[in-house]
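Enquirer: This is the structure, below, for whatever I ask next.
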Amino acid sequence: MSQNHPPQDPQEWKIFPRNLTARAAYIVPGNPTTTRPEDGVDNCYPGLEMDNRNLQKYFFPGTYFEVYRSDGARLAALTPQDQAQQWLKIGLLEEDLDKNHLYLWTLKGQTAAEKSDDPPSDNPPSIDFVNVSDKSKGQLGGLYPWRKVNALFPGKVGIIIGPNPPEEGDELEAAKQKLEELWPSTNTGGYVERPETDLKWAVLIANRAPYLNAQGTLDPDVYQPGELTRTLCTPWTYDFRDCQCFYWASNKPDVNASEDGSYPYLNFQRKNWQVEPQTEDIANSYNGRRLREIDYAEMMTDWEQLRPVVNGRECGQSYKPATPPSGNPLTLEQIKEELAYLATVEHALAVQYLYAYYSVNAPQEEPEDTSLEDFRLWKGAHEIFEIAIDEMRHFRWANEVLKLLGADTTIQRAPKLGRRFQIPFYLQSLTSSQLQWFVDVERPSRSTVVGLDGMYVGIQTSLQNLPSDTLDPETQLRAVEIIKLIIDEGEGHYVRFSTAQQNLAFFSDNDRGDLPGYIRLGQWQQPSDNPDNPIIPGGKLYGEPHQETSGEGPELQYQSNVLYLSLLGLLKIAFACQNENVSSKGLRRAIALMILMNYFNFELARKGMTPLFTFPEWLKGDPRVTSSAAAKTLLNKLKQELVNAGIIKETTLPAISEGINLLSVESGTKQEPVLKRTLKKGHEDKVEDVIKYFEDVVCEAEF
C-alpha cells in the first residue's frame, strides 16, 4: 500500500518490533540477577550457558558443519531443507555425506584479516584446510577452521567441499580454479564435479548465513532447541558434584532444611532420598560426607532426583509461592522520600554490623594451618564484615538512584532500625541475641511495607509502573536495575547471617548465654548500667561505645572518628558530582579512608577498646553540595579535621583557592584532567593522595 493511500483499518498500522531481544531489558520482578543476559559467563570452548562454536556450524546456507573436529570441518547435514534445495538442484546428493564423508577443503570470503583493505578486495584470498607440511598455508582441523569461519564478515562466501581432506595436489587445484572462475559472476550457485557415481568435489557460493531472523532472535528454523548447549562438556557436572556452594560454577546449596523443617541440616546431595538426620561427624568430615553422597555417574543420570530448594528448605513435587500483598504504588515523590530514608538505614546497618564484627575475638586475616574451631570463628566474623561492606555498597547505590531521580543525596544515619523501623539505633557487641536480631532483620519479607527488602520491592514495582511521562525511559530502567541489585544482594544476607550463626555456634567456649565466649575482653564485655537493651525487654547491652580517657585510647578513637566523618564528607562530594566518571572514581578513592579507619578500629578492638562512630553535629544538617564553592567549603573543613587529628600534615595541603581552575578548552570541548589521571587502587592510596584528588574534583567538576 502506497504512502499516499494509508490503510483505513487501524490494525494495519501495527508496528512490529524488529528486535525481540530488546525485551530482555525489562527487569522481571522476582527473577534473580543470574537470569539476566548480561550476567552470562561469556566463556567459550565450550562455555557455560552455551557453546559458542555451535553458532558457526550453520555459517553457509543449507549446510551444517562440525567445525571443531581434529580431522577437519565435516559436512554433517544439508539443512534447513528449504535452503539446501539449491545445492541438491546442482547435483549434490544426501547420500554423498554418508558415503564419502565430505569435508570443508577451502573457504573464500571477506574476513577480519582482509577487512582492513581500503577499499576491501572484491576477490579475497582463499584459505585451505588440507594436510600440508607448511602450517602457514593452512591447517586441517581442530579450532583452526572454526576461527576462520568465525572471522567471516557478512557477504559473499565460497566453499569447496570434498571427500577426506587431500594432500596438496591436482584435485584441490582443479577445485580452486573452478572457484576462482565462478567467483566474479556468481552470487548464488556452484558446480559439482562427479565424473561417474562418486563425488570428486563441489564448489558452492552464497551469502554468509545470518544468525538472526527478522525479529532479531536466533533463527528457530535453523537453531533447534538444545542446539547451542548440546556440546557442553561433562566436567561441569563434576564441578556441581564436587564444589561447595560458594563456588560460582556449582550454584547449589550444601545443606538445607527438610520440607517440614524438622531437620535443619540435610546434605543436599545425600544418597538416601528420604529425610535423614545430618550427624555431626558428617557435618565436620569431608570424607564422611562424600560416602553418603551420590557419585558422578548418579549425578549425570539421576540429577533430576535432587530436591528443589526454596529459601533454604526442600520442596515437594510443586511449589506455590505466597502471593505478596499488592499495596498502593508510590508516586515519584514518595519513592524519593522512601529511598532517602532507606539510604540512611543502609548507613546505620553498615556501622552496626562493623561494630559487632570488631567485638569478635578473631584475626583480621584468614588463619593458616589451624583448627576447625578457629577457622569457623574467623569465618563467622568475616561473613559479618562482608555483609557490612555490602551495606556500604547499598548505601552508595541508593544515593545513585536518588541522583538519577533528581533528588538530594544523603549521608545521614537512620535513628531507628528493625523490621518496622521502631528500634532506636544502638551499638553493642555481637551477643547471641544481637546476632539473632541481625538474622531476623535480614529475613526475606514478601510484604512491600515490612522490612528493608520489602520496601525495596515496593520501590522497584512502583518505579516500573510510573506513568510513561514521569521519567526518561533510560533513567527509569537504570534506577530499576540498581534497586534490583540491592534486593538480590539483600536476600542473601539472611542466609549469610544464618551461616555466621552456625559457624560461631561451634566455638568451644560459647556458653550459649547472651555474652558468648568469643567476645573480646575489655570494654567489649562490659554490661550497660541500665536495662536498656532495645531488643530484649529488661536486658542489658554489652560493649557499648566507651570513651577512653587515658593512654593511647583517646587518640585512636579521635582519629577513627575523624576518618569516619571525613569519609562521609567525601562521599557527599562524590555523590554530588554530575559527571558519573568523576563521581565513580571519587568513591573509589575514598575507599582509602575506609581501609585506614578499619585499621584504627581493629587496633582499638585488639586492645579491648571500642571505636565510637560519633556522627558529628555539623554533618547532621546534611549540607547540600550544589556548587563548586559549597564543595570547596566542605573539603576545607574535612582537611582541617584531618590535620587536627594528625592524619595529614597541614603544610602538604594548602587551602583550596577560589581562583584555581584546572579546566582547559580545546576545540570548544571542555577537558577534565581529573579523568586522565592514572588511578591507583583504593587500598594503595594515601590520605593525602585522596584529598589531592578531591581538590581537583571540587575545582573541575560540575555539581
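For the sequence shown, this note's numbering begins at 2 and goes up steadily by one.
Positions of the beta carbon are idealized from the N, C-alpha and C atoms, including for glycine.
Cβ of Tyr104 within 8 Å of Cβ of Pro62?
Expert: Against a cut-off of 8 Å, the Cβ pair of Pro62 and Tyr104 comes out as no contact.
Enquirer: On the DSSP letters alone, give me the boundaries of the beta strand (DSSP E) that Tyr543 sits inside.
Expert: Taken as a continuous stretch (DSSP letters only), Tyr543 belongs to no beta strand (DSSP E), as it is neither H nor E.
Enquirer: Based on the DSSP output, what are the partners of Gly110 in its beta bridges?
Expert: Val158
Enquirer: How is Tyr1 classed by DSSP in three states: helix, strand or coil?
Expert: Residue 1 lies beyond the range of the chain shown here (2 to 704); nothing can be said about it.
Enquirer: On the CB-based measure, 16 or more other CB atoms within 10 Å of its CB, does Ile390 come out buried or exposed?
Expert: exposed
Enquirer: Are the Cβ atoms of Ile388 and Arg497 separated by less than 8 Å?
Expert: yes
Enquirer: In three-state DSSP terms, what is Ser561?
Expert: helix
Enquirer: Is the region 611-619 touching the region 544-563, taking contact as three or more C-beta pairs under 8 Å?
Expert: yes
Enquirer: Between which two residues does the beta strand (DSSP E) carrying Leu307 extend?
Expert: No beta strand (DSSP E) contains Leu307, which DSSP labels as neither H nor E.
Enquirer: Could you give the DSSP three-state label for Lys177: helix, strand or coil?
Expert: helix
Enquirer: On a CA-only basis, which of Ala606, Met456, Ala349 is nearest Gly554? Give me that one, please.
Expert: For the residues Ala606, Met456, Ala349, the minimum Cα distance to Gly554 belongs to Ala606.
Enquirer: With distance defined between alpha-carbon atoms, name the residue in Glu642, Asn599, Phe603, Tyr600 nearest to Leu620.
Expert: Distance from the Cα of Leu620 is smallest, within the candidate group Glu642, Asn599, Phe603, Tyr600, for Glu642.
Enquirer: Could you give the distance in angstroms between the alpha-carbon of Trp525 and the alpha-carbon of Val644?
Expert: Between Trp525 and Val644, the C-alpha separation is close to 30 Å.
Enquirer: Could you tell me the alpha carbon to alpha carbon distance between Pro538 and Asn531, rounded to whole angstroms?
Expert: 11 Å
Enquirer: According to the neighbour-count rule (16 or more other Cβ atoms, all chains shown, within 10 Å of its Cβ), is Gly544 buried or exposed?
Expert: buried
Enquirer: How big is the Cα-Cα spacing for Asn400 and Gln335?
Expert: 15 Å
Enquirer: With DSSP collapsed to three states, give me the class of Gly683.
Expert: Interpretation of Gly683 is limited by its pLDDT of 44, a score under 50 that renders its predicted location unreliable; the figure taken from the coordinates is listed afterwards. In this structure, Gly683 counts as helix in the three-state DSSP scheme.
Enquirer: Near Ser127, which residues of its chain fall below 6 Å by C-beta distance, leaving aside the five closest residues on each side in sequence?
Expert: Excluding sequence neighbours, Ser127 sits near Thr107, Lys109.
Enquirer: Can you check which of these residues, Ile385, Asp409, Gly289, is closest to Leu431 by C-alpha distance?
Expert: Answer by Cα proximity: Ile385.
Enquirer: Give me the residue from Leu340, Met301, Leu229 with the minimum Cα distance to Ala480.
Expert: Leu340
Enquirer: Could you spell out the range, first to last residue, of the alpha helix (DSSP H) harbouring Ile385?
Expert: Looking at the DSSP string, the run of the alpha helix (DSSP H) that includes Ile385 is 373-405.
Enquirer: What are the partner residues of Ala203, as DSSP defines its beta bridges?
Expert: Ile162, Val193
Enquirer: Got a sec, what are the start and stop residues for the beta strand (DSSP E) Asp470 sits in?
Expert: Per DSSP, Asp470 belongs to no beta strand (DSSP E) and is neither H nor E.
Enquirer: Go ahead and pull the three-state DSSP assignment for Ile424.
Expert: Three-state result, Ile424: strand.
Enquirer: With 16 other CB atoms within 10 Å as the buried threshold, where does Pro517 fall?
Expert: buried
Enquirer: What do you reckon, are the CB atoms on His383 and Glu490 nearer than 8 Å?
Expert: The answer is no: Cβ separation not under 8 Å.
Enquirer: Can you check DSSP and say which residues form a bridge with Asp129?
Expert: Thr107
Enquirer: Alpha carbon to alpha carbon, how far is Asp52 from Val223? Give it in angstroms, no decimals.
Expert: Between Val223 and Asp52, the C-alpha separation is close to 16 Å.
Enquirer: Hey, Ala577 and Thr410: beta-carbon distance below 8 Å or not?
Expert: Result yes, Cβ atoms of Ala577 and Thr410 sit closer than 8 Å.
Enquirer: How is Ala210 classed by DSSP in three states: helix, strand or coil?
Expert: coil
Enquirer: Kindly indicate the opening and closing residues of the beta strand (DSSP E) around Arg75.
Expert: DSSP places Arg75 inside the beta strand (DSSP E), whose first and last residues are 75-78.
Enquirer: Between which two residues does the alpha helix (DSSP H) containing Phe439 stretch?
Expert: 433-442
Enquirer: According to DSSP, what are the bridge partners of Pro528?
Expert: For Pro528, which the question treats as bridged, DSSP gives the partners Tyr543.
Enquirer: Leaving out the 5 sequence neighbours to the left and right, which residues in its chain are closer than 7 Å to Leu464 when beta-carbon positions are compared?
Expert: Only Ile336, Gln477, Ala480, Val481, Ile484 meet the Cβ criterion.
Enquirer: With distances taken between CB atoms, is the gap from Ala646 to Val563 smaller than 8 Å?
Expert: Against a cut-off of 8 Å, the Cβ pair of Val563 and Ala646 comes out as a contact.
Enquirer: Under a Cβ-count criterion, where at least 16 other Cβ atoms within 10 Å of its own Cβ denotes burial, should Gly163 be classed as buried or exposed?
Expert: buried
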